[in-house]
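Numbering (the working numbering), first residue to last: 10 to 376. The beta-carbon is built from N, C-alpha and C at its ideal position, and this holds for glycine as well.
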């Protein structure tokens with residue numbers, strides 16, 4: 010099967026997906042990205058459940074395999090090869106870890122808050138363990154822990170902060186009620202000039218995101234089987250944060266954005282106060298705060314970079330990337346990118362009711 014050629018994060022990516030269920034799921038999810046010319050030269054190659062050559066030269070610890078042209082990181086969901094060529098990351102190889110028995114696979118699915126098999130997670134695995142990490146190492150791309158929308162006037166709004174602070178709920182409010190177009194959920198990718206690229210990984214929608222949005226719940230659960238719906242209601246009874254589903258951006262938001270210039274970066278923060286307040290913050294400080302969050306979000310991947318540098322050092326070889334240089338590049342690049350936009354901190358009462366937060370914060374951002 011010929012590889013897909015797609016524009017992802019402003020790069021031309023050739024995708025070799027296997028012929029099994031996971032490959033079909035991945036092709037369906039990546040089809041939301043614009044196609045590149047079939048004969049275009051790829052910047053990056055992704056092989057998913059497809060052959061990807063490597064020559065092992067060390068393995069310390071066992072979760073880290075050092076290869077001649079890069080390294081392999083072993084994660085719970087999959088193991089991923091990161092391979093360099095001509096001084097930059099050029100190829101990714103993903104092999105999904107599958108349970109040994111069908112019974113264990115179904116038990117894992119029932120316990121999972123997404124009610125998803127490993128194969129059904131193919132798009133999530135490809136984005137979170139391969140495509141986004143590739144951008145962490147791309148010298149001309151910058152990650153930021155933020156959800157993104159494009160406003161009706163064309164400027165991009167990024168909503169940053171730690172997990173659970175309200176980014177997705179606020180995005181849904183703006184996207185479904187104020188005419189904003191979806192750009193990214195949870196992780197956004199931009200360049201130093203402030204251009205933000207679409208991250209069309211399927212958004213994760215939790216039970217609490219749907220409070221007051223019966224139409225959203227109906228859209229997300231539409232077409233799902235009886236067991237899927239039963240799982241939803243059983244896990245929801247344990248808590249609204251105990252159940253989620255992934256859905257195509259178009260299902261949640263309608264037409265998606267093709268990317269655009271960053272206009273506003275809003276860091277959401279919960280604190281002990283009585284009402285919402287918005288304060289300006291400098292680009293350098295906003296970048297520093299953002300890097301601190303990135304270091305926690307990508308702690309596991311940064312640990313693999315440490316092991317990569319350790320193994321290469323013992324072998325008398327230069328590492329292809331180090332966590333120190335990577336984090337320094339993020340800090341400098343984000344300061345430059347955020348300097349092109351308005352940066353603010355939105356201070357939100359800790360105990361503010363979820364619906365009130367959505368309505369009041371949406372009003373602040375659209376005023």
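- Here residue 17 is buried, its C-beta having at least 16 other C-beta atoms within 10 Å.
- Within the same chain, no residue comes within 8 Å of residue 365 by CB-CB distance, once the 5 residues on both sides are set aside.
- Between the beta-carbon of residue 13 and that of residue 56 there is about 12 Å, and that puts the pair past the 8 Å contact cut.
- Sequence-distant Cβ neighbours of residue 83 in its own chain, meaning closer than 6 Å and more than five residues away, are 72.
- Here the alpha carbons of residue 329 and residue 313 stand approximately 12 Å from one another.
- A straight line joining the alpha-carbon of residue 245 with that of residue 151 spans about 36 Å.
- Put simply, the region 152-165 touches the region 258-270. At least three CB pairs are less than 8 Å apart.
- Exclusion of the five residues before and after residue 262 leaves 184, 191 as the residues of its chain whose Cβ lies within less than 6 Å of its Cβ.
- With contacts defined by Cβ atoms closer than 8 Å, residue 203 and residue 292 do not form a contacting pair.
- No Cβ-Cβ contact shorter than 8 Å links residue 299 with residue 179.
- Counting only runs of at least 4 residues, the region 244-331 fully encloses the following alpha helix (DSSP H) elements, listed from N- to C-terminal order: 258-262, 292-306, 308-323.
- Residue 106 sits exposed, since fewer than 16 C-beta atoms from the chains shown fall within 10 Å of its C-beta.
- Exclusion of the five residues before and after residue 23 leaves 12, 14, 51, 54 as the residues of its chain whose Cβ lies within less than 6 Å of its Cβ.
- Per DSSP, residue 32 is one residue of the alpha helix (DSSP H) stretching across 30-39.
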